[in-house]
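*Asks:* Here the numbering used here is used: the sequence shown runs in plain steps of one and ends on residue 142.
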Amino acid sequence: MVECGGLENRCTARYRGFESLLLCLLSVVSEFFKDVYKVVRLIPKGRVTSYGAIANYLGTGKSARIVGWAMNNSHYDNSIPAHRVVNRNGLLTGKHHFKDDNTMEELLKKEGILIKNNRIESFEDVFWDPIKELEL
């Protein structure tokens, strides 16, 4: 039996052993990934958001990198528009995790987003902030 705190808490296991702690961590990460995917599915076509904006919305502002891991892990599910998540400067930093290096850019261009040198042009105009858009 494993007890597990939230993402901000340390996991604690009733029984000693690395396996219990690992199971606890995997459970927390799995739930966090599911929450990330719920937010990403809400990003409208023709808009993008950042890893950090998703982390902030989920109340874990310093976990943008974990949001990136979730996005990297999402490519098995076509219902998750991972191409709409970029870094805080509008760079297509996740493009290497798609079928090929051009897929992310092609998907964004199909949605009317302009890209130059792997960066979204007029990033502020197409940026979707879940905290503002979903009104916490």
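In this text, a Cβ means the ideal position worked out from N, Cα and C, and glycines have one as well. Computed from a prediction, not measured in an experiment: that's the story for all the values here.
(1) Which same chain residues, not among the five before or five after Glu14, have their C-beta less than 8 angstroms away from its C-beta?
(2) For a test of the three-state rule: what should DSSP assign to Ser128, helix, strand or coil?
(3) Residue ranges of each alpha helix (DSSP H) run of no fewer than 4 residues wholly in the stretch 42-75, ordered along the chain?
(4) For Gly76 versus Phe39, is the C-beta spacing smaller than 8 angstroms?
(5) Among Arg71, Lys105 and Ile60, whose alpha-carbon lies nearest the alpha-carbon of Trp134?
(6) I need the DSSP call for Lys4, collapsed to helix, strand or coil.
*Replies:* Reading off the structure:
(1) Residue placement at Glu14 is flagged as unreliable, the pLDDT there being 41, under the threshold of 50; the coordinate-derived value follows with that caveat. Closer than 8 angstroms at the Cβ level, and outside the excluded window around Glu14, lie Thr66.
(2) coil
(3) 57-63
(4) Checking the sequence shown, residue 76 turns out to be Ala, not Gly. In this structure, Phe39 lies closer than 8 angstroms to Ala76 by Cβ.
(5) Ile60
(6) Within the shown structure, residues of the chain are numbered from 7 to 142, placing residue 4 beyond reach of any answer.
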